[in-house]
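Peer 1:
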Amino acid sequence: MDRKKALELVKPHLTEHRYVHTLGVRDSALKLAEREDVDYEKVELAAIFHDYAKFRPKQEMRQIITDQNWDKKFITYGDELLHAPAGSYLVEKEMGISDEEILSAIYWHTTGKVNMNAMEKVLFLADYIEPNRKFPGVEETREEAKRSIDGAIIMALRNTITFLMKKNQPVFPETLSTYNDMIFKKK
Ligand code: DGI
Ligand code: FE
Ligand code: FE
Ligand code: FE
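According to the numbering used here, the sequence shown holds residues 5 to 191 in order.
1) Among the candidates K46, L11 and L107, whose CA atom is the shortest distance from the CA of S92?
2) Buried or exposed, going by whether 16 or more other CB atoms sit within 10 Å of the CB of S102?
3) At which residues does the alpha helix (DSSP H) containing I158 begin and terminate?
4) From N184 to T166, what distance separates their C-alpha atoms?
5) Checking 8 Å against the spacing of the C-beta atoms, do M120 and L13 come in under that value?
6) Nearest by alpha-carbon distance to V95: which of K15, F53 and P61 is it?
7) So for Y93, helix, strand or coil by DSSP?
8) DSSP on L219, reduced to helix/strand/coil?
9) In terms of residues, what are the limits of the alpha helix (DSSP H) holding P177?
10) Return helix, strand or coil for F53, following the three-state DSSP convention.
11) Within 7 Å: the Cβ of A24 and any heavy atom of ligand 1?
12) Does the beta-carbon distance from A109 to A50 come in below 8 Å?
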C-alpha cells in the first residue's frame, strides 16, 4: 500500500487533531528510522495506522481483546490502552495489512514492550516526540532523541510512569518492565 492510499484510508477514522498528530508521527518516525535498521515503507505504514482505533467504541475494543485471548490487563489498566492492541487487529482485518512487524509496532505503541525491535522503538518514540506534542518534558526528550533513541525512550517511559503515578493511575506491568529492560541494557 502506498503512502497516499494509506493516508486516505486512515483519515475518515480520525479527528482533524488526531490526523495532524498522525502526520507528525509519520515525519518523526521516518527521521528516527534514518539511524535504525528498519524498512522505511513499513515504518511509515505503522505510523500512519498507529492510532487507527483511537475512536472506536470501547466495548468493541474490549471484545476484540477478549476474543483474541490477549492480556486482560489491556482492559483493566485504563481505557487509553485499548486502541493499541485493538488497532493492530482492526488494521489487519479492515486495512488488509498483514505484516507482523507493522502489527506488532502498533500493538505495543502505547505501553512499550520488553526487547523492542527497531520498528517498535521508532514508533513508540515518534508517537511521544512528534512536533505537535506539547507536554512537560517533551522538549528534553526530543533533544535526547537526537543523541540516543534508547535514552529518549527511557525518558519517555519515566515521564509517562511518573505522570500516571501522580494521577493515582495504575501502570501497565509491561511498561515498568520495558523501563527496567531499557535501563539494564543501557550502555
Ligand atoms: O494515542 P496517543 O495519545 O497518540 O498516545 P498513546 O497511544 O501513547 O496513549 C497515551 C495514553 O496512554 C496516555 O493517556 C497515558 C496512557 N498510558 C501510556 N502508558 C500507560 C498508560 N496508561 C496506563 N494505565 N498504563 C500505562 O502503562
Ligand atoms: Fe496511540
Ligand atoms: Fe505513546
Ligand atoms: Fe499516537
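By construction, the Cβ of each residue, glycine as well, lies at the ideal position given by its N, Cα and C atoms.
Since this is a predicted model, take the numbers as computed values, not measurements.
Peer 2: Straight from the coordinates:
1) In the sequence shown, counting from the first residue as 1, residue 92 sits at position 88. If we check each option's Cα against that of S92, L107 comes out closest.
2) Locating residue 102 in the sequence shown gives position 98, counting from the first residue. The residue in question, S102, is exposed, as its Cβ has fewer than 16 Cβ neighbours within 10 Å.
3) Looking up residue 158 in the sequence shown gives position 154. Here the alpha helix (DSSP H) through I158 covers I153 to K170.
4) Sequence index remark: in the sequence shown, residue 184 carries index 180 (1-based). Sequence index remark: in the sequence shown, residue 166 carries index 162 (1-based). The straight-line gap from Cα to Cα measures roughly 14 Å.
5) Within the sequence shown, residue 120 is the residue found at index 116, counting from 1. Within the sequence shown, residue 13 is the residue found at index 9, counting from 1. Cβ distance not < 8 Å, so M120 and L13 don't count as in contact.
6) Within the sequence shown, numbered from 1, the residue matching residue 95 stands at position 91. Out of K15, F53 and P61, F53 has the C-alpha closest to the C-alpha of V95.
7) Position 89 of the sequence shown, counting from 1, holds the residue named residue 93. Residue state, collapsed to three classes: helix.
8) As shown, the chain starts at 5 and ends at 191. That puts residue 219 outside it, with no answer to give.
9) Within the sequence shown, the letter at position 173 stands for residue 177. Counting along the chain, the alpha helix (DSSP H) containing P177 begins and ends at P177 to K189.
10) To locate residue 53, count along the sequence shown from 1; it is residue 49. Of the three classes helix, strand and coil, the one that applies to F53 here is helix, per DSSP.
11) Here residue 24 refers to the residue found at position 20 of the sequence shown. Just to set this straight, residue 24 is Val in the shown sequence, not Ala. V24: no, Cβ never under 7 Å from ligand 1.
12) As a first step, residue 109 must be located in the sequence shown, where it is residue number 105. As a first step, residue 50 must be located in the sequence shown, where it is residue number 46. Contact flag set, yes.
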